[in-house]
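Residue numbers (the UniProt record's numbering): 1 to 224. Each residue gets a CB set at the ideal place from its N, CA and C atoms; glycine is no exception. For clarity, every value in this text was computed on a predicted model and none was experimentally measured.
This is the structure:
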């Protein structure tokens, strides 16, 4: 059984997304109620230098969020105490962490819902460990250039009376109505605002990540 508070794992080998070796490793929270799956994910992340903590339910990770914010959360949708999609919304509202959904739900409707609600990526079980690590790295690379994550980026951007708070992930309408965005949606909007009247490639919109041939998550974000 996974410790309700956290099963901590050290880091090893090398930095996952590059940078100075003296820099702290990226912190990943793994929310998974199956101990075998949690161990597999932790082992893969540890091998590539990530700091990891595992949680067996949603309540445990929400408590830990009050103590320390992670760089990314890997969330199973089928948790014992709450729906994973609800947990994802609560995590993105309380932190700027990226979210990778790791689940046995492979129906297209589940994928679309997960991405529409702010997930950065969606991986179905069973999964290949190296691909999972590659997707985690990709999310972190994109977010290293995301609003509020790097110096020099504007917090606010405006267009046609609309205003985006890139740090808070809030879009304010001309009439003052506020809409809470997912991190990925904010990133796409910011990309459009900073490059008006330009044709943008999928790679530019996804933060220059290495797209898989079947990756259509950006299509979902644009449709939003």
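Just mark residue i as buried or exposed, buried being the case when its beta carbon has 16 or more other beta carbons within 10 Å.
i, result
"residue 68", "exposed"
"residue 43", "exposed"
"residue 88", "buried"
"residue 63", "exposed"
"residue 160", "exposed"
"residue 130", "exposed"
"residue 201", "exposed"
"residue 199", "exposed"
"residue 137", "buried"
"residue 121", "buried"
"residue 104", "exposed"
"residue 178", "exposed"
"residue 195", "exposed"
"residue 53", "buried"
"residue 106", "exposed"
"residue 81", "exposed"
"residue 93", "exposed"
"residue 173", "exposed"
"residue 157", "buried"
If you compare alpha carbons, which of the options is closest to residue i?
i, options, result
"residue 185", "96, 35, 66", "96"
"residue 115", "125, 99, 127, 128", "99"
"residue 28", "60, 70, 64, 177", "70"
"residue 123", "113, 102, 174, 191", "102"
"residue 77", "125, 132, 134", "125"
"residue 35", "50, 195, 79", "79"
"residue 117", "132, 190, 169, 60", "169"
"residue 49", "109, 174, 26", "26"
"residue 33", "142, 143, 60", "60"
In this structure, how does DSSP classify residue i when only helix, strand and coil are distinguished?
i, result
"residue 52", "strand"
"residue 165", "strand"
"residue 110", "helix"
"residue 86", "helix"
"residue 115", "helix"
"residue 200", "coil"
"residue 72", "strand"
"residue 227", "The requested residue 227 does not occur in the structure, where the chain is confined to residues 1 to 224."
"residue 97", "coil"
"residue 143", "helix"
"residue 157", "strand"
"residue 150", "With a pLDDT of 40 at residue 150, under the threshold of 50, the predicted position of this residue should be treated as unreliable, though the coordinate-derived value follows. Residue 150 falls in the coil class under three-state DSSP."
"residue 172", "strand"
What are the boundary residues of the beta strand (DSSP E) that residue i is part of?
i, result
"residue 182", "First-last for residue 182: undefined, no H or E at that position."
"residue 79", "Note, residue 79: premise wrong, no beta strand (DSSP E); not H, not E."
Taking the alpha helix (DSSP H) that residue i belongs to, which residues open and close that run?
i, result
"residue 58", "58–65"
"residue 42", "35–47"
Looking at the ligand PLP, does it come within less than 6 Å of residue i, judged from the CB to the closest heavy atom?
i, result
"residue 123", "The ligand content of the structure shown is nil, which means the ligand PLP is not present either."
Under a CB-based cut-off of 7 Å, is residue i close to chain B?
i, result
"residue 118", "Looking for chain B here will not work: only one protein chain is present."
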